[in-house]
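Trainee: Protein chains in written order, with this note's numbering: chain W, 1 to 112; chain X, 113 to 225.
1. Per DSSP, what kind of secondary structure is residue 67 (chain W) in: helix, strand or coil?
2. Based on Cα-Cα distance, which residue from X:202, X:213, X:157 lies nearest to residue 191 (chain X)?
3. Out of W:9, W:16, W:79, W:26, which has the shortest C-alpha to C-alpha gap to residue 67 (chain W)?
4. By Cβ distance below 6 Å, which residues in the same chain neighbour residue 3 (chain W) in space, the five residues on each side in sequence not counted?
5. Would residue 43 (chain W) pass as an interface residue toward chain X - the criterion being a Cβ-Cβ separation below 7 Å?
6. Compare the C-beta of residue 22 (chain W) against all C-beta atoms of chain X and say whether one is closer than 7 Å.
7. Whose Cβ in chain X lies nearer than 9 Å to the Cβ of residue 8 (chain W)?
8. Answer yes or no: does any C-beta atom of chain X fall closer than 7 Å to that of residue 104 (chain W)?
9. Under 8 Å between beta-carbons, which chain W residues line up against residue 119 (chain X)? List them in chain order, please.
10. Bridge partners of residue 101 (chain W), per DSSP?
11. Can you pull the chain X neighbours of residue 49 (chain W), defined as C-beta to C-beta under 7 Å?
12. Would a check of beta-carbon distances place residue 14 (chain W) closer than 7 Å to chain X?
13. Please return the same chain residues whose Cβ sits closer than 7 Å to the Cβ of residue 30 (chain W), not counting the five positions on each side in sequence.
14. Could you confirm whether any beta carbon from chain W is found closer than 7 Å to the beta carbon of residue 141 (chain X)?
Pasting the structure below:
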């Protein structure tokens, strides 16, 4: 069964304190790993898609990396506005389309 | 460009009643998805439309849930009769192509009392 787990469940950082979030997956025939950001009362907002081991993508203070079994979301010198829940997701096996299995998310709080 | 719009934003109903949620995808997006998050759980896939056709409804929990997308534009998700365990946030998402990122609406918070 396709599974996605994330750690830590919650993370509190001081502004400027860099850290990493982890997403582990058990999916055969990976068709991409997606990172989303979710703010309270909003739907998930797309950040990155990674397709193959070794791939990296960056956006402002965020960098996502992918290995064969996990992905990391590195946050460099975070700011309070980076506070959100970060979700990773993979498309269901044997489906085409974006029928995702979502991880439980990491709640990030960045304190000023 | 307008995003994905969901209505209502909140709904409080009693067990046994019927509720209909509506989703307006981004104009031109053929793919429309319904997801939901129940308390303390991950966001779970419910179903996928391509235009007006149900491509995959393997995530629908039972026959109390009925989704439609007449004309391939907006979609409705009806729960009849609602049960306590149906409480949660129902998200709609859309995309232009199958492999593209999803654009999510802000969700409908459903509370069944």
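Glycine included, each C-beta is placed from N, C-alpha and C at the ideal position.
Mentor: On the basis of the coordinates in this document:
1. Secondary structure at residue 67 (chain W): coil, using DSSP grouped into helix, strand and coil.
2. Selection X:202, X:213, X:157 evaluated against residue 191 (chain X) yields X:202 as nearest (Cα-Cα).
3. Of W:9, W:16, W:79, W:26, the residue nearest in Cα terms is W:26.
4. Taking C-beta separations shorter than 6 Å and ignoring five residues to either side along the sequence, the partners of residue 3 (chain W) in its chain run 26, following chain order.
5. Closer than 7 Å to some Cβ of chain X, the Cβ of residue 43 (chain W) qualifies, so yes.
6. Closer than 7 Å: no.
7. For residue 8 (chain W), there are no neighbours in chain X by C-beta distance under 9 Å, as the nearest C-beta there is about 16 Å away.
8. It does; some Cβ of chain X falls within 7 Å.
9. Within 8 Å Cβ-Cβ: nothing; residue 119 (chain X) doesn't reach chain W, min ~14 Å.
10. Partner(s): W:90, X:156.
11. Here the neighbours are 213.
12. For residue 14 (chain W), no CB of chain X lies under 7 Å from its own CB, so it is not counted at the interface with that chain.
13. The answer, listed in chain order, is 90.
14. It does not; no Cβ of chain W falls within 7 Å.
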